[in-house]
Every structure is written in C-alpha cells, then in structure tokens.
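Position in the sequence shown counted from 1, then plus 4, gives you the numbering used here.
All residues carry an ideal CB built from backbone N, CA and C; glycine is no exception.
This report concerns only the one structure given below.
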Amino acid sequence: MPGRSPNVRLADGRSATLVNEHTWVWTDPAAWRPQRERVQVGPVWAEVTATPTRLTVDPGMGLAATTCAGPGTPYDRAYGMHAASPDCGVVYARSSYGLPGGVTTAEYAITWSVSWVGSTGASDEGGELPDMMSRATERFAVAEAQSLRSR
Numbered sequence: 005m006p007g008r009s010p011n012v013r014l015a016d017g018r019s020a021t022l023v024n025e026h027t028w029v030w031t032d033p034a035a036w037r038p039q040r041e042r043v044q045v046g047p048v049w050a051e052v053t054a055t056p057t058r059l060t061v062d063p064g065m066g067l068a069a070t071t072c073a074g075p076g077t078p079y080d081r082a083y084g085m086h087a088a089s090p091d092c093g094v095v096y097a098r099s100s101y102g103l104p105g106g107v108t109t110a111e112y113a114i115t116w117s118v119s120w121v122g123s124t125g126a127s128d129e130g131g132e133l134p135d136m137m138s139r140a141t142e143r144f145a146v147a148e149a150q151s152l153r154s155r
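Here it is in structure tokens:
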C-alpha cells in the first residue's frame with residue numbers, strides 16, 4: 005500500500021512531444037483518492053490510509069523537477085494544440101536527439117501521506133507514518149520541428 009504507480013500519459017496517446025511545446029502531464033483523476041486497508045482479529049484492528057498529496061515530474065534531460073498539487077488535467081483537443089496545462093506540465097527546450105535511443109526518460113512519483121488508526125479492543129490509537137512514494141518511468145522522444153516561411 006499504496007499499490008498504484010502513476011499511469012502518466014502524453015497528449016493524444018503520442019509517443020513523443022515537441023521542443024518548446026507544452027507537454028501536459030496527468031495521471032488518472034479517478035485513482036487520485038485515499039487508499040485504505042483494514043485488518044481485524046477479534047476486537048483488535050488497525051486501518052492504514054494513504055492519501056495522494058502531489059505528483060512530481062522529473063522530465064529528464066537535466067531539467068528541474070516539477071511538482072503538481074493534484075493528478076493534473078487530462079488533455080483534450082478542445083484545449084487547442086498549443087495550450088499549456090492549467091496545473092501540471094513541462095516544456096522541453098531541446099530535442100532528445102543524441103541521447104541513447106533518441107529518447108528521454110522521465111520519472112513520475114506520487115507522494116502519499118499515510119496515517120493509521122487502530123484499537124486494542126480496550127482503547128483506540130492513531131498517528132501519522134512517514135510519506136510513501138509510488139514511481140513510474142516513461143521513455144519518449146522529444147522531437148524538433150522546423151518551419152519554413154516563404155515570401
């Protein structure tokens with residue numbers, strides 16, 4: 005617990021993003037909820053709750069990590085092709101050309117605050133536990149598009 009790793013997607017299910025374009029980052033908003041596990045033996049029980057608190061994106065390529073307060077907003081074409089994510093995104097300044105395999109490796113981590121409550125049968129107790137993290141990595145290309153303007 006928590007057993008969920010971030011399931012992060014790129015817009016439109018693409019396997020690449022573009023230099024200087026907004027790269028939206030999100031994980032399933034429906035999974036962004038407290039996870040509980042309870043165990044009981046006779047009158048003695050304990051329950052642990054892990055609540056997601058932030059999504060951290062380490063985009064790779066030497067860029068600084070970005071911290072998002074929630075799961076991010078899923079991209080929809082209605083936002084437009086060049087729109088920035090309202091709450092969780094990255095902009096790559098250079099292509100991944102020249103990196104091994106021509107791709108970057110980004111790491112995504114969800115931080116979970118963890119608490120517990122329990123009963124010995126005679127009294128109830130509870131408290132906070134250290135934060136936990138679930139992690140996932142994704143490899144994708146950062147492509148560079150050139151445009152020509154003719155007169």
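DSSP-derived helix/strand/coil call for residue i
{"i": "Gly84", "result": "coil"}
{"i": "Pro134", "result": "strand"}
{"i": "Ala35", "result": "helix"}
{"i": "Asp91", "result": "coil"}
{"i": "Met56", "result": "Note that residue 56 corresponds to Pro in the displayed sequence, not to Met. Here Pro56 sits in strand by DSSP."}
{"i": "Ala145", "result": "strand"}
{"i": "Gly106", "result": "helix"}
{"i": "Gly76", "result": "coil"}
{"i": "Ala15", "result": "helix"}
Enclosing beta strand (DSSP E) for residue i [first to last residue]
{"i": "Leu22", "result": "20-22"}
{"i": "Ser151", "result": "Taken as a continuous stretch (DSSP letters only), Ser151 belongs to no beta strand (DSSP E), as it is neither H nor E."}
{"i": "Trp28", "result": "26-28"}
DSSP beta-bridge partners of residue i
{"i": "Ala50", "result": "Val43, Gly122"}
{"i": "Tyr112", "result": "Val61, Ala140"}
{"i": "Ser117", "result": "Thr55"}
{"i": "Thr70", "result": "Val61"}
{"i": "Asp128", "result": "Ser123"}
Problem - Segment contact, 8 angstroms Cβ cut-off, at least three pairs: the stretch 112-122 with the stretch 45-55 - result: yes
Problem - Three or more C-beta pairs below 8 angstroms linking the stretch 84-92 and the stretch 100-115 - result: no
Exercise for the section: Kindly confirm or deny that the stretch 68-78 and the stretch 31-50 touch, where touching means at least three C-beta pairs closer than 8 angstroms. Expected result: yes
Problem - Stretch-stretch touch, CB-based, cutoff 8 angstroms, three pairs: the stretch 20-27 with the stretch 78-88 - result: yes
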